[in-house]
Amino acid sequence: MKLLMAASEAAPYIKTGGLGDVTGALLKEFGKADIEAFLMLPLYRRIREKFPLSDTGHRMRIPVGSRRHEGRIFSHGDSLFFLECEEFFDRSELYGTPAGDYPDNPARFAFFARAVPEACAELGLRPDVIHCNDWQTALVPLYLKTLYDTPFFRETATVMTVHNLGYQGVFDGVLFSLTGLGPEWFTPEGIEFYGKINLLKAGLISADIITTVSETYAEEVMSAEFGFGLDGVLRKRAGDLYGVVNGIDTDEWDPATDPLIPARYDRRDLSGKGVCRKELVGECTLDRGEKNAPLVAMVGRLSAQKGIDIFLEAAEEVVSMGARIVVLGRGDEHFQERLIDLADRQKGSVFVKIGYDEAFAHRVYAGSDILLMPSLYEPCGLSQLIAMRYGTVPVARRTGGLADTIMDYAPLRDTGTGFLFRDYRAECLRECLNRAFCAYTAGPKWKKIRRAAMSRDSSWKASSMKYLDLYRIALGRKRREAE
Ligand code: ADP
Ligand code: GLC
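Offset between the sequence shown (1-based) and the numbering used here: plus 1438.
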């Protein structure tokens, strides 16, 4: 099996969120299992600054609309390729600045999607499967069925993974010509979407297999509530749609070896977690509150998806119940402002850090008692997996991957790895936190929940094998088609 991962992010090279974690960790897992796996990423400025890359000497001329752009192929080792076009990727950010998305994103990622098959041909790399991720690479499967329906790719199958249906790459219809596709594709059966173009749709209508990042989300996306207008397209492909739950890189996220936290600990000896907690309380200048005040954390993008509004609605009462709160995140301006405002009003009880800070994230996961994820929707979510591994008990909304990875605490059976609530309401969030606080103050019960959370296997072992199975299914179909 020769696999090519095509993505706009992959750790450790470049990451802005969960997508980068997933593609990077999955590749690493394939490496451990001796699977021949390649990666293609755009060559962003930040990668060039951090990693010593070699120029392969290969050049490409990629048409985007009426212009042709020169692309160069750089590599790191034998299997990692970086597709360069200075005009598009030599910038400070990946997708845009706080002022907004880069206006030429459709051209940038049309370039990249077309550069993927071009680079394969140029390098003589004929993958069995190209695994595409999110809208930035979603044109690739359609290109293989149209502009690159060539003998070279006759037996190359495609798998399209949707990490978040809330981001589809929707742009003005006049930009359709950037894709180089024939006019028959600017139709409702093609990539037309209410007069606009929808790049994710290209992948959904043409990939041999579609996946999303948890089983529950795979069901949810076929409903109007979660489908963001593409539920009909997805329902048509229900037979080819699979959910494969994300894992985390368990080497990077391991409280027993983590160099970024003040003290190390494991399931058997949690004394180090106490040290981490104490340091975090000090670092965040929180008053210690009552003896039993639980420390509740939130880490993530500050977007409507993450349930920030119901959190803000509930926060003050949660503080009055005795809890302390730490928030790390960046995102929508108005959420940032409201959170800073909350921290100002609740000095000593609420600490807010606006920004992206990986090292601080490690300290927060290690030093907190509870991780709150009241998401409106959540394709999978990695923060809850990380938290559980660090003995920080998740309190979350029962949706998508949160429902699949957290087992709600059942008091009569005394089992569970966290606490779940169903309705998207501040009141339900508060009630759920209250349930968690009750367990927290009943010491031995909490220890059991924490130990159960830490025992959850969130490695990529099982899920990477599932992807392999799906690659084989996709390839089998493609071969039968080619016969
Ligand atoms: P999403 O991909 O929707 O943003 P996930 O839970 O899947 O959410 O993944 C988010 C990843 O990004 C996690 O590894 C989380 O720790 C990290 N992360 C999110 N926001 C921040 C931040 N402000 N600083 C550091 N790490 C962050
Ligand atoms: C998206 C989702 C998140 C998921 C991540 C990685 O950003 O919002 O739930 O964990 O992708 O698949």
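Glycine included, C-beta positions come from ideal geometry on N, C-alpha and C.
Those residues which DSSP pairs with residue i across a bridge
{"i": "I1635", "result": "F1609 and E1630"}
{"i": "P1480", "result": "L1521"}
{"i": "P1501", "result": "R1506"}
{"i": "F1859", "result": "R1835"}
{"i": "I1763", "result": "V1734 and V1788"}
{"i": "H1514", "result": "L1518"}
{"i": "M1811", "result": "A1834"}
{"i": "Y1680", "result": "T1649"}
{"i": "D1846", "result": "G1856"}
{"i": "R1889", "result": "Answer is none; R1889 lacks a bridge partner."}
{"i": "A1475", "result": "L1441"}
{"i": "R1768", "result": "R1739"}
{"i": "D1539", "result": "G1534"}
{"i": "S1492", "result": "S1513"}
{"i": "I1452", "result": "A1448"}
Other residues of its chain near residue i: CB distance less than 6 angstroms, five sequence neighbours each side excluded
{"i": "P1544", "result": "F1609, L1613 and L1616"}
{"i": "Y1878", "result": "P1732 and W1884"}
{"i": "R1592", "result": "A1920"}
{"i": "A1694", "result": "R1702 and D1704"}
{"i": "A1640", "result": "A1576, L1577, L1580 and I1629"}
Assumed close pair residue i, residue j - CB separation to whole angstroms, cut-off 8 angstroms
{"i": "I1844", "j": "Q1822", "result": "6 angstroms"}
{"i": "L1820", "j": "V1734", "result": "Going by Cβ atoms, the distance from L1820 to V1734 rounds to 19 angstroms, so no, they are not a contact pair."}
{"i": "P1565", "j": "L1582", "result": "The pair is not a contact, with the Cβ atoms about 10 angstroms apart (cut-off 8 angstroms)."}
{"i": "I1618", "j": "A1553", "result": "At residue 1618 the sequence reads Gly, which differs from the Ile that was named. The Cβ separation is near 12 angstroms, so there is no contact."}
{"i": "R1863", "j": "I1748", "result": "7 angstroms"}
{"i": "I1763", "j": "V1756", "result": "7 angstroms"}
{"i": "N1602", "j": "P1817", "result": "5 angstroms"}
{"i": "L1577", "j": "L1637", "result": "6 angstroms"}
{"i": "D1669", "j": "V1659", "result": "6 angstroms"}
{"i": "A1804", "j": "Y1828", "result": "5 angstroms"}
{"i": "A1559", "j": "I1511", "result": "About 11 angstroms separates the two Cβ atoms, so there is no contact after all."}
{"i": "I1824", "j": "T1855", "result": "About 13 angstroms separates the two Cβ atoms, so there is no contact after all."}
{"i": "M1826", "j": "A1900", "result": "Their Cβ separation, rounded to whole angstroms, is 16 angstroms, which puts M1826 and A1900 out of contact at 8 angstroms."}
{"i": "M1736", "j": "N1872", "result": "Contact flag wrong, Cβ pair sits at about 17 angstroms."}
{"i": "Y1703", "j": "K1716", "result": "The Cβ separation is near 13 angstroms, so there is no contact."}
{"i": "F1468", "j": "L1441", "result": "7 angstroms"}
{"i": "R1801", "j": "C1714", "result": "7 angstroms"}
Beta-carbon proximity of residue i to residue j, cut-off 8 angstroms
{"i": "V1651", "j": "G1839", "result": "yes"}
{"i": "F1547", "j": "F1519", "result": "no"}
{"i": "T1688", "j": "A1841", "result": "no"}
{"i": "G1685", "j": "S1893", "result": "no"}
{"i": "A1752", "j": "R1675", "result": "no"}
{"i": "G1538", "j": "Q1574", "result": "no"}
{"i": "L1481", "j": "F1549", "result": "no"}
{"i": "L1740", "j": "G1767", "result": "yes"}
{"i": "R1506", "j": "R1499", "result": "yes"}
{"i": "F1857", "j": "C1870", "result": "yes"}
{"i": "T1535", "j": "V1597", "result": "no"}
{"i": "L1532", "j": "S1446", "result": "yes"}
{"i": "L1814", "j": "A1742", "result": "yes"}
{"i": "L1708", "j": "S1806", "result": "no"}
{"i": "L1850", "j": "F1789", "result": "no"}
{"i": "L1642", "j": "V1683", "result": "no"}
{"i": "A1595", "j": "K1904", "result": "no"}
{"i": "G1604", "j": "F1666", "result": "yes"}
{"i": "S1513", "j": "T1494", "result": "yes"}
Element boundaries [alpha helix (DSSP H), containing residue i]
{"i": "A1444", "result": "Not the alpha helix (DSSP H): A1444 falls in the beta strand (DSSP E), residues K1440 to A1444."}
{"i": "F1798", "result": "E1796 to G1805"}
{"i": "K1916", "result": "K1899 to A1920"}
{"i": "L1561", "result": "N1543 to L1561"}
{"i": "T1654", "result": "E1653 to E1658"}
{"i": "L1464", "result": "G1456 to K1470"}
{"i": "A1874", "result": "A1864 to T1879"}
{"i": "L1603", "result": "Here L1603 belongs to no alpha helix (DSSP H), and DSSP marks it neither H nor E."}
{"i": "D1669", "result": "D1669 to K1674"}
{"i": "L1718", "result": "S1709 to E1721"}
Endpoints, beta strand (DSSP E) assigned at residue i
{"i": "V1756", "result": "From DSSP, V1756 is part of no beta strand (DSSP E) but of the alpha helix (DSSP H) over I1746 to S1758."}
{"i": "C1570", "result": "V1567 to N1571"}
{"i": "M1826", "result": "Per DSSP, M1826 belongs to no beta strand (DSSP E); it is in the alpha helix (DSSP H), S1821 to R1827."}
{"i": "T1599", "result": "A1595 to V1600"}
{"i": "L1580", "result": "No beta strand (DSSP E) holds L1580; the alpha helix (DSSP H) holding it covers L1577 to K1583."}
Close Cβ partners of residue i (< 8 angstroms) along its chain, the five nearest in sequence each way excluded
{"i": "F1624", "result": "G1611, F1614, E1630 and I1635"}
{"i": "M1439", "result": "I1473, E1474, D1566, V1567, L1906, Y1909, R1910 and L1913"}
{"i": "L1465", "result": "M1443, A1448, A1475 and L1477"}
{"i": "R1673", "result": "M1660"}
{"i": "Y1540", "result": "R1529, E1531, Y1533, G1534 and R1546"}
is_contact[residue i, chain C] using C-beta, thresh 8 angstroms
{"i": "S1741", "result": "Among the protein chains of the structure shown there is no chain C, as only one such chain exists."}
Close beta carbons around residue i, own chain, < 7 angstroms, minus the five adjacent residues each side
{"i": "L1521", "result": "M1478, P1480, L1481, G1509, I1511, F1550, A1553 and A1557"}
{"i": "G1455", "result": "R1739"}
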